[in-house]
Amino acid sequence: MARPVVGIIGNHHLINDSYPAHAGGEMNTEAVACVSDCLPLLIAADPRFVSVEELMEVCDGFLLTGGRPNVHPEEYGEEATEAHGAFDRARDAIVLPLVRACVERGQPFLGICRGFQEVNVAMGGTLYPEIRDLPGRMNHRMPPDGTIEEKFALRHKVTLSEGGVFHKLFGAPEVMTNTLHGQGIKRPGARIEIEGFAPDGTPEALVVKGAPGFTLSVQWHPEWDAANDPVSRPLFEAFGEAVRAWAASKRTPQRISA
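Under the working numbering, think of the first position of the sequence shown as 358, with each following residue one higher.
Written out as structure tokens, the structure reads:
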């Protein structure tokens, strides 16, 4: 039987600063294929080429990836400043309504970094443009130098809500994670439940309360070394199980009562 399909949200990217492309990190593909045991499908997140309805029909679940561009602040009622950085308005136009549709329908998604922020914005929340500028906050950005292993190395603890979804999934009240982001949640959106915090109070893990499907999202990057990391592996395995359950439900004939 064919593996269920996970749509991996791609980012607009310029190759050599001139050639436009839709790109996705190989580590996302590897995590979906090898840990979630699903078929990875890179999505061109641009409403000129795809629609939310088509994506939800073709894919069984979605990986909302990280990316250098940020959600445009107009999406949460604020004006853009230099601190907000670069944007990908085409991705905004696809992913924000996709999140809302998946929440309502119960179709599973896993949000990572920008994806975590997209889930919050899609549900009516807001973001800080640069959390390292806030009093008492640490610098969560990726180290500018070093190897890829050093950039994705574990850097801080995340404290989880006792008895919450993440606590049960990881089997521990605290986990160690990497950190490679500049923005963060300012005001949680409707139904957004924060279940994990960094030592400086930055939200790191969330679920959508009352959603019928898998909505786990994290601010860190679990796709790095997902097969071996004791936090990443159970997260991607649980996501894969949710996607398979959704795919199986689509194959089950609906009984029509007389």
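Ideal Cβ placement from N, Cα and C applies to all residues, glycine included.
Given that a residue counts as buried once 16 or more other Cβ atoms are within 10 Å of its Cβ, and exposed if not, what is residue i?
i: N585; result: exposed
i: T559; result: buried
i: T677; result: In the structure as shown, the chain begins at 358 and stops at 615. Residue 677 is therefore absent and cannot be evaluated.
i: V415; result: exposed
i: T504; result: exposed
i: T609; result: exposed
i: D502; result: exposed
i: T438; result: exposed
i: S614; result: Residue placement at S614 is flagged as unreliable, the pLDDT there being 49, under the threshold of 50; a coordinate-derived value is accordingly withheld.
i: N373; result: exposed
May I ask you to report which of helix, strand or coil DSSP gives residue i?
i: R446; result: helix
i: K543; result: strand
i: V363; result: strand
i: H524; result: helix
i: E550; result: strand
i: T386; result: helix
i: V428; result: coil
i: N441; result: In the sequence on display, residue 441 carries His and not Asn. DSSP places H441 in helix when its eight states are reduced to three.
i: P500; result: coil
i: L453; result: helix
i: A401; result: coil
i: A458; result: helix
So, residue i versus residue j, is the Cβ gap smaller than 8 Å?
i: V515; j: E580; result: no
i: A401; j: V409; result: no
i: L453; j: F419; result: no
i: R544; j: T483; result: yes
i: A388; j: F593; result: yes
i: A583; j: V392; result: yes
i: L517; j: E531; result: yes
i: L511; j: M533; result: yes
i: L421; j: V476; result: yes
i: P404; j: A450; result: yes
i: I366; j: R448; result: yes
i: G597; j: C395; result: yes
i: P430; j: A443; result: no
i: Q576; j: F466; result: no
i: G468; j: P569; result: no
i: V703; j: E552; result: The displayed coordinates of the chain run from 358 to 615. Any statement about residue 703 would go beyond what the structure contains.
i: V478; j: E550; result: no
i: H538; j: R498; result: yes
Just reading off the alpha helix (DSSP H) that residue i is part of, what are its end residues?
i: E598; result: S589 to R608
i: E414; result: V409 to V415
i: E506; result: I505 to K508
Starting from residue i, trace the beta strand (DSSP E) both ways and give me its first and last residue.
i: M533; result: E531 to T534
i: K566; result: Note, K566: premise wrong, no beta strand (DSSP E); not H, not E.
i: F419; result: G418 to L421
i: L371; result: N368 to I372
i: P377; result: Y376 to A380
i: V515; result: H513 to L517
Can we count residue i as close to the ligand COA, meaning its CB is less than 7 Å from some heavy atom?
i: V407; result: The ligand COA is not part of the structure shown, which contains no ligands of any sort.
Legend entry - Any beta strand (DSSP E) of 3 or more consecutive residues that is wholly inside the region 466-492: The qualifying runs are 466-469 and 483-485.
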